[in-house]
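Engineer:
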Amino acid sequence: MVLIEIRGLFKSFGLSEILRGINLDVEEGRVLALIGPTGSGKTTLLRLIDLLDKPTEGNIFFNGYDICYLSSKEKLKIRRKMGMVFQKPVMFSASVYENVSYGLKVRGKGNSRLEIQRALEEVGLSGYESRDAATLSGGEMQRIALARAMVINPEVLLLDEPTANLDLRSAYAVDELIKRLANCGRTVIMASHNMTECRKLANKVAVLVDGRITRTGKPEEILTEPELYVNSISGQPFLESI
Amino acid sequence: MDEISAGFIRAIQLIITLNPEVVEITVRSLSISLTSVLIASLVDIPIGGLIEFHDFRGKRALINLIQTFYSIPTVTVGLLVYLLLSRSGPLGGMGLLFSPAGMVIGQTVLITPIMIGLTISALRGVSVQIEETALSMGATNLQVIFTIMKEARVAVVATVLLGFGRALSEVGVAMMIGGNIRGYTRVLTTAISLETSMGDLDLAMALGIILISISLVVNLALNRVQGR
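These protein sequences, in sequence, are chains A and B. Heads up, the first sequence is in the numbering used here, so the first residue is 2 and it goes up one at a time. Heads up, the second sequence is in the numbering used here, so the first residue is 3 and it goes up one at a time.
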């Protein structure tokens, strides 16, 4: 079943057109990998789905409802069904526990110690509850950001290059976590540069080049095309093969 | 030189022996300035938040205007508040001129631009990503504002301390609105000014040492807060 339908989506910032007529379906319980060179519009697309930005034109349907032009109250309802992890996640100036519990707190779910502990266990950081989040390493912050997004049990997880800037060990831990989430039937949309990651995790791949989806399909079909490894603008590879 | 060192020693004696006049003036100074800062904090921090979190026409001009008033001469504020509180002014009927309450109003008005302006700067200093993270985690607009306020708490506390420092050390408003009435509206700065002109340097120096000590404590607190 299609959970998110994107139709004719355009997004411009001033004179610069970032997305140019995106059409895309995201099936429920599947992992969609958005791949494309830097600046192709992956992050912008994720932000539009999370309702952090408004499209210039076009529609995003969530469960059949157009979510682009809602009131702020209705937007909040939809946004609460999603969890987003940014490429460079920021931590609130507070403890790890307060960071992970933030989403539950704003939903009025106060007594959530067990859920927080479970989420931290999942990301391999149990016992970190009282640590100052600002003192964590990049990899640890990324995992805390994942725990923070997971603990609210969202229908859709939006991940913006979740393993970029991570060492191999942290990247492996994050990948394993996403895999477990996918196995639990969570819908995941993830922007990535990493071919191995896409192959390992995604059920579907969409290639985004210059603000347009140029191809969609199964990873084994898409990721074997040699032209994918060459950026149409710079001639440089945009997928990393590890 | 001997006169100055002898005066300094006598000033220390006045402080150590808790001279009633010194204590009374210090307590009054602190209570008036603390009340002003409390009122200003309750009013100005939310106003700063309102300005920062809302987009409206003329916002930049308003912020520029507020920043221009950071260095407004205290006597100008004194004159403005005097006109408001004087018998023929709009608030003349309340009888607040030459009273501690009038001085509180004057000091509150004086520190308002700096409190609003620095609150705006404090909130602006919080990364946009914090706002977006809060939004993406499902926070309401109000919860996002509280989150940003919480993130900016160190800078907001510094703003309050700076406001207190400005209120405590000003002399123009205290003199013009309070009138420097002994036992009623005389505060540290106006007493120093008067005692110096009367040649009672012991008392003036004692009050000066207290004023500098309070400023030092505020400064240490500010450094401690900013160092976090």
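We treat Cβ as the ideally placed atom computed from N, Cα and C, and that holds for glycine.
Compare the C-beta of A:I153 with all C-beta atoms of chain D and state if any pair is closer than 8 Å.
Structural biologist: The displayed structure is made up of protein chains A and B, and chain D is not among them.
Engineer: So, are the CB atoms of A:L158 and A:Q143 less than 8 Å apart?
Structural biologist: no
Engineer: Would you say A:L209 faces chain B, with C-beta separation under 8 Å as the test?
Structural biologist: no
Engineer: On the DSSP letters alone, give me the boundaries of the beta strand (DSSP E) that A:D176 sits inside.
Structural biologist: Note, A:D176: premise wrong, no beta strand (DSSP E); alpha helix (DSSP H) at 169-184.
Engineer: For the beta strand (DSSP E) holding A:I7, just list the boundary residues, first then last.
Structural biologist: Here the beta strand (DSSP E) through A:I7 covers 3-14.
Engineer: How many Å lie between A:K205 and A:R187 at the Cα?
Structural biologist: 14 Å
Engineer: Using the Cα positions of A:L33 and A:A207, report the straight-line distance between them to the nearest angstrom.
Structural biologist: 7 Å
Engineer: Could you say which of A:N60, A:Y98, A:R181, A:A172 lies nearest to A:S193 if we only look at CA atoms?
Structural biologist: A:A172
Engineer: May I ask you to list, following chain order, the residues of the stretch 101-135 of chain B that have a beta carbon less than 8 Å from some beta carbon of chain A?
Structural biologist: S129, Q131, I132, E134, T135
Engineer: Near A:L10, which residues of its chain fall below 6 Å by C-beta distance, leaving aside the five closest residues on each side in sequence?
Structural biologist: Closer than 6 Å at Cβ, skipping near neighbours: L20, I23, P56, G59.
Engineer: Identify, in the order they occur along the chain, each residue of the same chain with its Cβ nearer than 7 Å to the Cβ of B:I34, setting aside the five sequence neighbours on each side.
Structural biologist: P102, M105, V106, Q109, V189
Engineer: What does a CB cutoff of less than 7 Å around A:E6 pick up in its chain, not counting 5 residues either side in sequence?
Structural biologist: Cβ neighbours of A:E6 beyond the five flanking positions: D26, F62.
Engineer: Can the beta-carbon of A:V107 be found closer than 8 Å to that of B:M151?
Structural biologist: no
Engineer: Nearest CA to the CA of A:F14: which residue from A:L224, A:T217, A:T225, A:G212?
Structural biologist: A:G212
Engineer: Using the C-alpha atoms, what's the distance from A:I145 back to A:G125?
Structural biologist: Rounded to whole angstroms, A:G125 to A:I145 spans 9 Å at the Cα level.
Engineer: Could you tell me how far apart the beta carbons of B:I116 and B:Y72 are, in whole angstroms, since I believe they sit closer than 8 Å?
Structural biologist: Correct: roughly 5 Å between the Cβ atoms.
Engineer: So A:I79 packs on A:S102, CB below 8 Å; how close in whole Å?
Structural biologist: Between A:S102 and A:I79 the Cβ distance is about 22 Å, and since that is not below 8 Å, they are no contact.
Engineer: Assuming contact is defined by CB atoms lying nearer than 8 Å, are A:V91 and B:Q145 in contact in what I supplied?
Structural biologist: no
Engineer: Excluding the 5 residues flanking A:F93 on each side, which residues of the same chain have their C-beta closer than 8 Å to its C-beta?
Structural biologist: Take A:F93, set aside five residues on each side of it, and the residues of its chain with a beta-carbon closer than 8 Å to its own are E99, N100, Y103, A134, in chain order.
Engineer: Return the residues of the stretch 172-191 of chain B that lie within a Cβ-Cβ distance of less than 8 Å from chain A, sorted by chain order.
Structural biologist: Answer set for the stretch 172-191 of chain B: empty.
Engineer: Alpha helix (DSSP H) containing A:G22: first to last residue?
Structural biologist: No alpha helix (DSSP H) holds A:G22; the beta strand (DSSP E) holding it covers 17-28.
Engineer: So that I know if they touch, is there some Cβ in chain B lying closer than 8 Å to that of A:S235?
Structural biologist: Low confidence applies to A:S235: its pLDDT is 49, below 50, so where it sits in the model is not reliable, and the reading given next is rough at best. Chain B places no beta carbon closer than 8 Å to that of A:S235, leaving this residue out of the contacts.
Engineer: Following the continuous alpha helix (DSSP H) through B:D46, name the residue where it begins and the one where it ends.
Structural biologist: 22-55
Engineer: Report yes if the CB atom of B:A13 is closer than 8 Å to the CB atom of B:A154, and no otherwise.
Structural biologist: Not in contact: B:A13 and B:A154 (Cβ atoms no closer than 8 Å).
Engineer: Contact criterion: CB-CB distance below 8 Å. Does A:R187 meet it with respect to chain B?
Structural biologist: Contact of A:R187 with chain B is not assigned, every C-beta pair being separated by 8 Å or more.
Engineer: Ends of the beta strand (DSSP E) at A:T188?
Structural biologist: Unbroken beta strand (DSSP E) run through A:T188: 188-193.
Engineer: Are the beta-carbon atoms belonging to B:T191 and B:A176 less than 8 Å from one another?
Structural biologist: yes
Engineer: Around the Cβ of A:S73, are there at least 16 other Cβ atoms within 10 angstroms (buried) or fewer (exposed)?
Structural biologist: exposed
Engineer: Which runs of the alpha helix (DSSP H), 4 residues or longer, sit entirely within the stretch 95-126 of chain A?
Structural biologist: Correct list: 97-107, 114-123.
Engineer: Of the residues A:S127, A:Y129, A:L4, A:E162, which one's Cα is nearest the Cα of A:Q88?
Structural biologist: Taking each of A:S127, A:Y129, A:L4, A:E162 in turn and checking the Cα distance to A:Q88, the smallest one comes out for A:E162.
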